[in-house]
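Report on the following structure.
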Amino acid sequence: MTKYTVVEVEDKHALKEFIRFPDELYRKCPQYVPALHKVEMRNLTSDAALKYCTRKLWMVKDGGKVVGRICAMINPRYNELYGKKCCRFGWFDMINDFEVAKLLIETAQKWAAEQGMDTIHGPLYYNTLGKQGMLVEGYENVPPFNCLYNYRYYNEFITKLGFEKECDWLQYKMVANHGVPEKTRRLATMLAERYKLHFGSIDELKKDPEKVRKFFRLYSDSFSKTVYNFIPFTDEEIEQEAADSMPYISDKASCILLDENDDIVAFGISFPFISYALQKAGGKMFPFGWFHLARALKNYETTDLMINGAVPEWQNKGVSALYYKEMGDRALKCGMRWAISNPQIEDNSAVNIWSSYEHEPYMRRRCYIKKI
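Sequential numbering of the sequence shown, starting at 690, is according to our numbering.
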């Protein structure tokens, strides 16, 4: 019987091993999208959420070889907001051996209990901004760059360890070059006239740091009561998210809806699909990773529908018709053929919007939960 050892990640060398482990684990998997090592290093050492979250990293080794990894996290803002004592787990990967998964989860659970937690759930990130949800359907598809991919046996192992479903997120793939239904177009015109709404320029907004911060504050406010387990952003998280995402956003495939005072009403944000470029980069920006990414950012044939929403005072007024109509028109102009939706909780009525378009299921991912 193989003798595995659990090792806590406590230095830079071990952290590099932790980050690079999936590169080897998924080397022969054509669907896997490797994260950039530099970004992962930032996420694990200086992410804005670490200003208030605590975390521990462990690896399981077989001799000197890494065969599994896990990160356990406690977000006190989440626990206070929802009245819970939850520990999160993420960065959960292992070879096809149940014993490795068992060692990883038991180690995370032991630490969580020592911190006074009574529940563990995941895969999750520190906050609502990172990758989350274990893939349970859609293994044949390549995920968007901001989504996890995992082998099928992960689900077998996690359920064998006593975890149950907490929630599922759904993703769809839509035909993007058919425009929007005529009913949506008429509704958009009527609402624009009634409320005196118009579209602003994201490219112009990007030039003003304060307007960018305001946009992300509104983004946080718009989802604070509508997204499951959402954690409102801190100022530091807003700064980080703006720096990470604004370079990918342009007027080509995204839009912001404004009222007569030029205040933001709603938004629809899409990114070019960069997953294939990240596969070519292999986790590294140099020597050629930057080139593959630069090319991908100019290609709008497939896009990731990242975030769509309205600020709280404009919710339930039908303004989604305006940004869906506008994004549909822009999709036609930039030659878009396909659009992949961001994960949406399965019981969110917003997923019904895709029934108006030619679409197919793309991925289903799950958060698992267990009492400690």
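Glycine residues also receive a C-beta, built at the ideal position from the N, C-alpha and C atoms.
- According to DSSP, residue 861 shares a beta bridge with 1050.
- Nearest Cα to residue 846 within the set 810, 875, 783: 783.
- The beta carbon of residue 779 lies closer than 7 Å to those of 760, 762, 811, 812, 813, 814 in the same chain, with the five residues before and after it left out.
- In the three-state reduction of the DSSP assignment, residue 936 falls in the helix class.
- For secondary structure counted as the alpha helix (DSSP H) over 4 or more consecutive residues, the stretch 792-878 holds these complete runs in sequence order: 842-849.
- For residue 755, the uninterrupted beta strand (DSSP E) segment begins and ends at 754-763.
- Only buried fits residue 776, as 16 or more other CB atoms lie within 10 angstroms of its CB.
- The Cβ-Cβ distance between residue 766 and residue 927 does not fall below 8 Å.
- Note on the stretch 934-1022: whole alpha helix (DSSP H) runs with a minimum of 4 residues are 964-970, 978-985, 1009-1022, in chain order.
- According to the DSSP secondary-structure assignment, residue 887 is paired through a beta bridge with 947.
- Residue 886 holds the alpha-carbon nearest to the alpha-carbon of residue 951 among 1024, 724, 886.
- Comparing C-alpha distances from residue 698 to each of 793, 848, 771 shows the shortest one belongs to 793.
- Within the stretch 894-922, complete alpha helix (DSSP H) segments of at least 4 residues are found at 898-912, given in chain order.
- Secondary structure note for residue 708: its alpha helix (DSSP H) is the uninterrupted segment 701-714.
- Inter-segment contact for the stretch 826-836 and the stretch 801-811 is absent: fewer than three beta-carbon pairs are separated by less than 8 Å.
- In this structure the stretch 1003-1010 does not touch the stretch 733-748; the number of beta carbon pairs closer than 8 Å is below three.
- In chain order, 720, 1051, 1052 place their CB closer than 7 Å to the CB of residue 830, counting only its own chain and leaving out the 5 sequence neighbours on each side.
- A residue is called buried when at least 16 other Cβ atoms come within 10 angstroms of its Cβ; residue 1037 does not meet this threshold and is exposed.
- Sixteen is the threshold: since fewer than 16 other Cβ atoms of the shown chains lie within 10 Å of the Cβ of residue 899, the residue is exposed.
- Taking 8 Å as the cut-off, the Cβ atoms of residue 1025 and residue 768 do not count as close.
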